[in-house]
Amino acid sequence: MNKVIIIHLNGIAYHVEEDGYEALRAYLDVAHRKLEGNPDRDEIIADIEQSIADKFRALLNPHKTVVLTAEVRDVLEAMGPVQGEAAADAAPNAAPGAGTPGPAAAAPAGTASAPKRLFRLREGAMIGGVCNGLAAYLGADVTLIRVIFALVGITFGAGVLLYLAMMIIIPYADSAADVDAAHGDPSTTDEIIRRAKQGYYESLRSIRDPFTRRKWRRQFKREMRQHRRDLRDNLRRSLRGWRMYWHPEVPTPPPAGAGWWFAYPFIAVVNVAVVALCIGAVLSLVLTGSVFGVYLPATYPFWLQILIVILVCRLLAWPMSFMHQGYYGHRWGYHDPISHLLHTLAWFAVLVFGVWFLDHHTRHGHELVMRCKYELEEFAAQVRDWWAHL
Amino acid sequence: MSLNDNFSPIRKGLLEFLVLKVIAAEKVYAADILTQLGGTEFATQEGTLYPLLSKMRREELVDYEWKESEAGPPRKYYKLTAKGEAQLRETNQYWLKISETVKNLGQRPAQQSQHVSP
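Just so you know, the sequences run in chain order Y and H. In this text, residue positions in the first sequence follow my numbering: the first is 1, and each later residue adds one. In this text, residue positions in the second sequence follow my numbering: the first is 391, and each later residue adds one.
Printed below as a string of structure tokens:
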């Protein structure tokens, strides 16, 4: 399985394997550098992109929608290296004083804002560097991102899962280039690709016949629309499949009993109160370092303190949410607590299987599980200490 | 160094002349130029041709118009300018002179020596 990247070449979208994308990017980067100072640089590069796009299109059909890395390399091989003006015009002795508009010409070009890539950043990380990387990606303050994550974690419980998922999916920025990319690197190729998209309209302008121009513009729009529609349809179809799988038939809710109408507002109010309490506790911890004046052991790392607060709050809310689920489940066709319990167990099994799968089949997952084990042992040791000192 | 490598600078220098020749015959797309040169010793690639065409356009030897192709978006359709035609004529004459020289250079002393000996 390989990651696929969507690129635009003169206005048409192509799916390209990640390594192929890198090769393409490197090729265009070199082309860009070779043509430095050439007044027709953008035009030549647009021509070259068009030509690459044609070659890509010849490789694709309705049953094959991705350009493979080997194919990208073959296409670039066929294109040949882009010859700079100096190389084509002879002048083998590039005298130092003769023509060096390089740095001066490069300066104004480098001001365009560069695109970024999402990485986890080790430097200054608290857990896995997810928040750190996100902050660099969004250009926001790390603390703000952390607080948002903590809040999402409390209120929906999904924040923790989200964090774990991102920890597994997003790679660490291992090289200096990656770190640059996480903060936004000044490479020019993505800028070219973005321009190429616009370039289509601009090149249309040079067609003098208004009828032809209209026709091409219509076709371009149609293609882009079709592309978007396909994407949406695919998404919807897979979502529907997912839903069908988990809920083969959604039973119509039976009429609610009197108990339901009494219990529901009560449970809801208590739930809201617990959530509010939880948010308050975490905010208090973040802002003053104590939970409403109660200090947690200073030996615990900050993130663990937040986690403890969240866990305690969830424990408080648990019976409520169980009742809520029970009633909710009753409304949706669970007539006894046993099936509710089974449902919970099934979910638990899926979760355990997921963790087992990640542990055995992905490197990141394995590292994560090992780390969790280590942290749990640390935590247990600290609890034992704390108990002994009591 | 093979013969092929020896003549590489000459082929490079002649490329512009040949492109002029191809475009002079009829209006073409860049891809047509590549196909026509493809079978010959002067086979070249997009990476070389596009910068060359752009240079020639800047020197007003060729010009292009946008024209739709059978598949995909409109393409550049190249034609020669008056200046390009003049340049082609000039280059052609020069080329004929050169090839004449190449053909005759070794033969004249031989002919002379033959002429003198009896």
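We treat Cβ as the ideally placed atom computed from N, Cα and C, and that holds for glycine.
Asked, Found
"Whole-angstrom distance between Q382(Y) and E144(Y), CA atom to CA atom", "Going by the sequence as given, residue 144(Y) is Leu instead of Glu. Between L144(Y) and Q382(Y), the C-alpha separation is close to 29 Å."
"Contacts of A78(Y) in chain H (Cβ-Cβ under 9 Å)", "Q435, E436"
"Cβ contact (3+ pairs, closer than 8 Å) linking the segment 58–74 of chain Y and the segment 1–20 of chain Y", "yes"
"Cutoff 7 Å: Q83(Y) Cβ touching any chain B Cβ", "In summary, chain B is missing from the structure at hand, where the protein chains are Y and H."
"Chain-order list of residues whose beta-carbon lies under 6 Å from that of M126(Y) (same chain, five-residue window excluded)", "W303"
"Supposed close pair I52(Y), L9(Y) - CB separation, criterion 8 Å", "6 Å"
"Residues near A90(Y) in its chain [Cβ-Cβ closer than 7 Å; skip 5 each side]", "Caution applies to A90(Y), whose pLDDT of 38 falls short of 50 and renders its modelled position unreliable; the model cannot decide the point."
"For D89(Y), the three-state DSSP class (helix, strand or coil)", "Its pLDDT being 43, under 50, D89(Y) is placed unreliably in this model, and the value from its coordinates should be taken loosely. D89(Y) falls in the coil class under three-state DSSP."
"Beta-carbon neighbours of P39(Y), restricted to chain H and to distances below 8 Å", "R448"
"Simplified DSSP state of D453(H), which is helix, strand or coil", "strand"
"Buried or exposed by the 16-neighbour rule on C-beta atoms within 10 Å, applied to D54(Y)", "buried"
"Sequence-distant residues of the same chain with beta carbon closer than 6 Å to M446(H), five excluded per side", "V452"
"DSSP state of R401(H) mapped onto helix, strand, coil", "helix"
"Euclidean distance between Cα positions of V82(Y) and Q50(Y)", "14 Å"
"Whether I48(Y) touches Y440(H) by CB criterion (7 Å)", "yes"
"Spatial neighbours of P464(H) in its chain, beta-carbon cut-off 7 Å, leaving aside the 5 residues before and after", "W456, K457, E458"
"Residues, ordered as in the chain, of the segment 209–223 of chain Y that lie near chain H by beta-carbon distance below 7 Å", "T212, W216"
"Min CB distance S398(H) to chain Y below 7 Å", "no"
"Candidates V67(Y), D42(Y), L164(Y), G139(Y): closest to V369(Y) by CA position", "L164(Y)"
"Alpha helix (DSSP H) segments (min. 4 residues) lying fully within the segment 6–87 of chain Y", "18–34, 41–59, 69–79"
"Proximity test, Cβ basis, 7 Å: Y467(H) and chain Y", "no"
"Nearest candidate by alpha-carbon position, reference T434(H), set S392(H), E490(H), T471(H), R401(H)", "R401(H)"
"C-alpha gap between L296(Y) and A135(Y), whole angstroms", "27 Å"
"Rounded straight-line distance, which links the Cα of N494(H) to that of D422(H)", "35 Å"
"Neighbour flag for Y454(H) against chain Y, beta carbons, 7 Å", "no"
"Residues near K466(H) in its chain [Cβ-Cβ closer than 6 Å; skip 5 each side]", "Y454"
"Beta bridge counterpart(s) of L121(Y) as assigned by DSSP", "Bridge partners of L121(Y): none, in fact."
"M79(Y) beta carbon less than 7 Å from that of Q436(H)", "Looking at the sequence shown, residue 436(H) is not Gln but Glu. Yes, the pair counts as a contact, with Cβ atoms nearer than the cut-off."
"Chain H contact residues for D233(Y), given Cβ-Cβ distances below 9 Å", "Neighbours of D233(Y) on chain H: none; closest Cβ ~24 Å, over 9 Å."
"Cβ neighbour criterion (16 or more within 10 Å) applied to R146(Y)", "buried"
"Strand pairing of R446(Y), partner residues [DSSP]", "The first residue shown for chain Y is 1 and the last is 390, placing residue 446(Y) beyond what the model contains."
"Among T438(H), A415(H), S398(H), nearest to Y468(H) - alpha-carbon criterion", "A415(H)"
"Rounded separation between R213(Y) and H63(Y) - CA only", "31 Å"
"Interface partners of D42(Y) on chain H, CB under 9 Å", "Within chain H, no residue comes near D42(Y); the closest Cβ sits about 10 Å away, beyond 9 Å."
"Below-7 Å beta-carbon distance, I7(Y) vs any chain H residue", "no"
"Closest Cα partner of A173(Y) within the set V275(Y), F119(Y), R25(Y)", "F119(Y)"
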